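Participant: Residue numbers (this note's numbering): 13 to 620. Backbone N, C-alpha and C fix where the C-beta goes; we use that ideal spot for every residue, glycine too. Keep in mind that this is a model prediction, so the values were computed, not measured. I am attaching a structure below and will ask some questions about it afterwards.
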């Protein structure tokens, strides 16, 4: 799928989500993507026929030098993200981002905090940032040929989460080793060194360089281990029925894709079981990536949901799509939430899935689409009446969806979505993976969101003896957010509008205490803070109490329903959300496993 087609498909799905009145929706009434693409191509050809051609704006031939130095509060230079917005084309506001042509330039400072670049002369807004834990600073500057522009910026910390044991990372990124140069298919140019620098510039403390088809990056990637960055060895495994991430494993794990004659459900299932078991045996973590992708070959097969708990984490938020109703990320979120409702817990993660650290994949596509839409709105070409329905749909797409996608696309790069993991003690690859397995994590592209109940964090389980608890919520951001939502089992949703406690130095503090929060019949809860799809955070669930004795038969009924395989990970015999025992039904018997070893068949006494 080309980038252009992908952009249109994302927009098509979001518009479908906007027009749906239910949380879950089918594809009935969905506008045909192929027709959408063909109509836009035809409209461009018609405009060309009438003498209107899209011509990318040319850069000014004269240029000037810009030197930027970014430092921390100690004066030490550090890698940071620098975005340069040409003001002759754009109207810039800090919260509403950019209007007009999409022509910003993304750069990063080097390991000493320095960036020397040459820009066309003119006025720019320079935006400097470093992930969630620092304020975003901006400056309006003029670049000229007569003198070198020098700018020094000190990053203002919002919080130092490392001191509290929280570390952010990007769990899905590609490098040149995914390109055709090394047998891959993706046009990626960046070296592992460039990827590492880009991740750190976005505030990441760990990262997985997960190239397709090979493990050629592993030796080089492992060399970037330092006091401030932990490399995670990984590979994105192609299966023809989804992408599996092998995290923390040096060996080259291969899913053997069968030929047409050998392509049976039994074979495909067994291959998934085999590779996940192999990853675990090597001390790694098997993850299912983007389980609801638009492409069938890289999307998880719904028919295999009975074995989905062979995976220890699920990437519900992939950076190549926004997290918004209608998107593939939203469908992955619903899959994850529905599994929770069934009592099947797979901790959620994010990954940027970056193939281009410059983040400019969609710039010219947006500019061309807005050029085309402008011609149509101004009646520059005569259109046949037969296109009325198509034009009405295109109008909704351009007016309602493209502004959302345009804003979202301005954040695409390494660690544009981040997973924060809690680590107790010295950070290592093993400890990070263990934290992810437990779900001691939250996902974000902006806010810091850490809920605590009785000192317990996401992924933990709490025994309570009353129907009321106090929820301590740490919620900080470097951009405003609008609401906090609390999701509980039984599809219960509570939402609260937010006003910051203060906005000191671009730090928006929404932290609060929910006193005497009613938890009657609540088994788990997770939290979402958001402004829009470019500024939101999602936590993994906190579990409250265990299941009662009478609930065990419901668990066994699930085992029957999902024959021949269903896993329930447990360490508490009354809680199917914890980790430890594994129960599944094969034929007519209930089997009990622990650490891969069969303990008992038939009786449920081990549960009691």
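1) When burial is assigned at 16 or more other CB atoms within 10 Å of the CB, is residue 24 buried or exposed?
2) Is DSSP giving residue 532 helix, strand or coil here?
3) Contact between the region 256–276 and the region 288–301 is defined here as three or more beta-carbon pairs at a separation below 8 Å; is this criterion met?
4) Using the C-alpha atoms, what's the distance from residue 414 back to residue 94?
5) Got a sec? Which residues, its chain only, sit under 6 Å from residue 513 by beta carbon, not counting five neighbours each side?
6) Could you give the C-beta distance for residue 460 and residue 173, rounded to a whole number, given that I count them as a contact under 8 Å?
7) Within its chain, find whatever has a CB closer than 6 Å to the CB of residue 536; leave out the 5 residues flanking it on each side and keep chain order.
8) Does DSSP put residue 587 in a helix, a strand or coil?
9) Where do the N-terminal and C-terminal ends of the beta strand (DSSP E) with residue 179 fall, by residue?
10) If I measure Cβ to Cβ from residue 307 and keep anything under 7 Å in the same chain, skipping five residues before and after, which residues do I get?
11) Can you tell me the Cα-Cα spacing of residue 598 and residue 318, whole angstroms?
12) Identify every run of the alpha helix (DSSP H) within the region 363–420, keeping only runs that are complete inside it and at least 4 residues long; order them along the chain.
13) By the DSSP assignment, the beta strand (DSSP E) with residue 301 in it spans what residues?
14) What does DSSP give as the partner residue(s) for residue 451 in the beta ladder?
15) Going along the chain, which residues of its own chain have a beta-carbon closer than 6 Å to the beta-carbon of residue 480, five neighbours each way excluded?
16) What whole-angstrom Cβ distance do residue 130 and residue 139 have, given they're in contact under 8 Å?
17) Taking contact to mean 3 or more Cβ pairs, one atom from each stretch, closer than 8 Å, check whether the region 476–496 and the region 387–394 are in contact.
18) Relative to the C-alpha of residue 247, which candidate in 86, 296 and 360 has its C-alpha closest?
19) Whole angstroms is fine: what's the gap from residue 54's alpha carbon to residue 385's?
20) Would you grab the beta carbon distance between residue 185 and residue 366 for me? Rounded to a whole angstrom, and I think it's under 8 Å.
21) Using the three-state DSSP reduction, which class does residue 293 fall into: helix, strand or coil?
22) When you compare each of 377, 47, 48 and 497 to residue 508 by their alpha carbons, which one comes out closest?
23) What residues are listed by DSSP as bridge partners for residue 431?
24) Could you give the uninterrupted runs of the beta strand (DSSP E) lying entirely in the region 211–271, keeping only those of 3 residues or more?
Facilitator: Answer, in terms of the structure:
1) Burial call: buried.
2) coil
3) yes
4) 25 Å
5) Close CB contacts of residue 513 within its chain, under the 6 Å cut and outside five residues either way in sequence, are with 521 (chain order).
6) 7 Å
7) 501, 553 and 555
8) Residue placement at residue 587 is poorly supported in this model, since its pLDDT is 40, which falls under 50; the coordinates still yield a value, given next. Three-state result, residue 587: coil.
9) 178–185
10) 13
11) Reliability of the predicted coordinates at residue 598 is poor, the pLDDT of 36 falling under 50, and no value is obtained from them.
12) 375–389 and 400–408
13) 297–301
14) DSSP output for residue 451 lists no bridge partner at all.
15) 528
16) Distance from residue 130 to residue 139 at the Cβ level is roughly 19 Å; contact not present, criterion being Cβ atoms closer than 8 Å.
17) no
18) 296
19) Residue 54 and residue 385: Cα-Cα distance of roughly 13 Å.
20) At roughly 5 Å, the Cβ-Cβ gap stays under 8 Å, so residue 185 and residue 366 are in contact.
21) Looking at residue 293 - three-state DSSP - the assignment turns out to be helix.
22) The option with the nearest alpha carbon to residue 508 is 497.
23) 181 and 455
24) 218–221, 242–250 and 255–259
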